[in-house]
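Engineer:
In our numbering, the protein residues as written are 107 to 216.
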């Protein structure tokens, strides 16, 4: 490019109409507010994630601290139950004579 062309281009750019400050401010303000809103949402999301992680770590620590106390209960066997009292009828002697269930074999008969 010729240096004259560059100078002419520069002059035309300087002479171009500039937007008014009143027109630019609402657009800039809107962009700034949008950026603030996005950063706030990202920050709150990150805070929620960190809070959940810390809470789960805290709860895990509490559960681990309570685990030995609750597991000791399961290691102790329950007491033995008392024997029931037997009826006097069952304690009487059986008077029926005993006999074999199977008939005697030939060897036993000899």
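Think of the CB as a built atom: it goes at the ideal place given N, C-alpha and C, for glycine as much as any other residue.
Could you pull the start and end residues of the alpha helix (DSSP H) that residue 121 belongs to?
Structural biologist: Position 15 of the chain shown holds residue 121. 109-121 is the span of the alpha helix (DSSP H), which, as asked, contains residue 121.
Engineer: Residues in its own chain within less than 7 Å of residue 153 by CB, not counting five upstream and five downstream?
Structural biologist: Mapped onto the chain shown, residue 153 falls at position 47. Nothing meets the Cβ criterion.
Engineer: Which runs of the alpha helix (DSSP H), 4 residues or longer, sit entirely within the segment 136-213?
Structural biologist: 194-197, all fully within the segment 136-213.
Engineer: Alpha carbon to alpha carbon, what distance is there between residue 190 and residue 211?
Structural biologist: Indexing the chain shown from 1 puts residue 211 at position 105. Indexing the chain shown from 1 puts residue 190 at position 84. If you take the alpha carbons of residue 211 and residue 190, they lie about 43 Å apart.
Engineer: Roughly how many angstroms lie between the CA atoms of residue 131 and residue 122, to the nearest whole one?
Structural biologist: As a working note, residue 131 is residue 25 in the chain shown. As a working note, residue 122 is residue 16 in the chain shown. When rounded, the distance between both Cα atoms is 19 Å.
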